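Trainee: Quick one: the structure is below, and I'll ask about it shortly.
In this note's numbering, the protein residues as written are 91 to 239.
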């Protein structure tokens with residue numbers, strides 16, 4: 091699941107970034123995106139996995155949540171990809187039916203399956219934390235600019 095967030099009204103930040111070298115400006119933004127993604131989004135998703143799903147599966151999901159920063163197609167755009175990636179020795183996420191069909195359990199929990207209703211822990215976490223992440227990202231970029239200057 092990837093998320094896209096655009097910061098509007100950040101003219102002051104853009105002007106400061108333009109004053110920096112291109113390579114340094116890129117580093118400033120990428121570091122800020124990574125920090126905010128890990129501090130806010132990942133923490134919120136782990137919390138929602140534990141509280142909404144609950145039990146042993148909730149704990150396993152929380153442990154397996156991974157947040158990665160990646161480039162987008164457009165120059166200067168970055169995205170955050172949140173996924174459940176089992177750690178070593180954590181193979182309880184793949185279910186094999188008697189017919190040999192494989193199912194990925196976190197996907198089935200997030201989006202539902204058959205007669206089972208979805209428990210959208212990742213989407214709920216994103217919706218709850220997006221405003222806070224936008225503000226934190228703007229602050230973090232400014233802090234990183236100050237460090238570089």
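A virtual CB, placed ideally from N, CA and C, is assigned to each residue, including glycine.
These figures come from a predicted structure and were not determined experimentally.
To the nearest angstrom, report how far apart residue 227 and residue 111 are at their CA atoms.
Mentor: Counting from one through the chain shown, the residue named residue 227 turns up at place 137. Counting from one through the chain shown, the residue named residue 111 turns up at place 21. Cα to Cα, the separation comes out at about 20 Å.
Trainee: Sorted by chain position, which residues of the same chain lie with C-beta nearer than 7 Å to residue 114's C-beta, five sequence neighbours on each side aside?
Mentor: For the purposes of this step, residue 114 is taken as residue 24 along the chain shown, with counting starting at 1. Hits under 7 Å: 238.
Trainee: Within the continuous beta strand (DSSP E) that includes residue 170, where are the two ends?
Mentor: Here residue 170 refers to the residue found at position 80 of the chain shown. Per DSSP, residue 170 belongs to the beta strand (DSSP E) from 168-174.
Trainee: Between residue 215 and the rest of its own chain, which residues show a CB-CB distance below 6 Å, the 5 nearest in sequence each way excluded?
Mentor: As a first step, residue 215 is located in the chain shown; it is residue number 125 there, counting from the start. Same-chain partners within the cutoff: 134, 135 and 138.
Trainee: Buried or exposed: where does residue 132 fall if 16 or more other Cβ atoms within 10 Å of its Cβ makes it buried?
Mentor: Working through the chain shown from its first residue, we reach residue 132 at position 42. Residue 132 comes out buried.
Trainee: Kindly identify the DSSP beta-bridge partner or partners of residue 161.
Mentor: What you label residue 161 is simply residue 71 of the chain shown in a count that begins at 1. Note: residue 161 sits in a beta bridge opposite 168.
Trainee: Assign residue 45 to one of two classes, buried (16 or more other C-beta atoms within 10 Å of its C-beta) or exposed (fewer than that).
Mentor: Residue coverage of the chain in this structure runs from 91 to 239, which leaves residue 45 outside it and unanswerable.
Trainee: Between which two residues does the alpha helix (DSSP H) carrying residue 137 extend?
Mentor: Position 47 of the chain shown holds residue 137. Unbroken alpha helix (DSSP H) run through residue 137: 133-138.
Trainee: Does the distance from the CB of residue 235 to the CB of residue 106 come in under 8 Å?
Mentor: Locating residue 235 in the chain shown gives position 145, counting from the first residue. Locating residue 106 in the chain shown gives position 16, counting from the first residue. Against a cut-off of 8 Å, the Cβ pair of residue 106 and residue 235 comes out as a contact.
Trainee: Give every residue of the same chain whose Cβ lies closer than 7 Å to the Cβ of residue 155, excluding the five residues on either side of it in the sequence, and list them in chain order.
Mentor: Your numbering for residue 155 matches position 65 in the chain shown. Cβ within range, chain order: 132, 135, 136, 139, 172 and 174.
Trainee: Comparing C-alpha positions only, which one of 225, 159 and 152 sits nearest to residue 127?
Mentor: Counted from its first residue, the chain shown places residue 127 at position 37. The residue with the shortest Cα to Cα distance from residue 127 is 159.
Trainee: Determine, using beta carbons only, whether residue 142 and residue 195 come nearer to each other than 8 Å.
Mentor: What you label residue 142 is simply residue 52 of the chain shown in a count that begins at 1. What you label residue 195 is simply residue 105 of the chain shown in a count that begins at 1. Result no, Cβ atoms of residue 142 and residue 195 do not sit closer than 8 Å.
Trainee: In angstroms with no decimal places, state the Cα-to-Cα distance between residue 217 and residue 187.
Mentor: Indexing the chain shown from 1 puts residue 217 at position 127. Indexing the chain shown from 1 puts residue 187 at position 97. Those two C-alpha atoms are separated by around 33 Å.
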